[in-house]
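Beneath this line is the structure, given in structure tokens, with notes to follow.
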Amino acid sequence: MRAASADNSTEVVQFLPMAIAAYGLVETLDADGRFHWALLHLMGQFNVEALKDAEETLSQQPDHLFGLATAGDASLALGDSASAREYYRRWLDAYETEMAKNLLEYQEHEGVFPEMRATAEALGRND
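No gaps in the numbering here: position 65 of the sequence shown is 64 in numbering that gives the first Met the number 0, and each next residue is one more.
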């Protein structure tokens, strides 16, 4: 993830398969772990797997902001803009309530919310 943030594509290509495999070895991932795994899948263009990761989170926590955003991003990557818009509409609807829960994963990743919100506003309210 750091290599991707630093735009180090050589390192990403080298270590992405190992990172994905490592997450796959974990028997039970929480919502934060599934978020990371989905992001790795998206980086590798394993978009079906990323959507599956997000939907697993949403099956347990239907309004989880990371699940909704990664499902939206995976849907976009798969060319399903209608589903992406629906996930991001749900993201906008759930935002205040979810943030009020003060979940640890939201605190630890507070920097991702401006970009998620921008995407949600661009897609989620585009009727």
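All C-beta atoms, glycine included, are put in the ideal place defined by N, C-alpha and C.
Kindly indicate the opening and closing residues of the alpha helix (DSSP H) around residue i.
i     : result
Asn46 : Asn46 to Gln59
Leu67 : Leu64 to Ala76
Asp92 : Ser80 to Ala99
For residue i, which of helix, strand or coil comes out of DSSP?
i      : result
Arg1   : Low confidence applies to Arg1: its pLDDT is 45, below 50, so where it sits in the model is not reliable enough to give any reading.
His108 : coil
Glu26  : coil
Pro113 : helix
I'd like to know whether the C-beta atoms of residue i and residue j end up nearer to each other than 8 Å.
i     : j      : result
Tyr86 : Thr118 : no
Ala70 : Asn46  : no
Leu64 : Ala21  : no
Glu84 : Asp62  : The question names Glu, but residue 84 in the sequence shown is Arg. No, the Cβ-Cβ distance between Arg84 and Asp62 is not below 8 Å.
Leu77 : Leu50  : yes
Out of the options, point me to the one whose CA is closest to residue i's CA.
i      : options                       : result
Glu104 : Ala18, Gly32, Ala37 and Phe14 : Gly32
Leu28  : Gln59, Gln106 and Leu91       : Gln59
Leu102 : Ala30, Leu24 and Gly23        : Ala30
Tyr107 : Met17, His35, Pro16 and Leu24 : According to the sequence as given, residue 107 is Glu; it is not Tyr. Among Met17, His35, Pro16 and Leu24, the Cα nearest to that of Glu107 is on His35.
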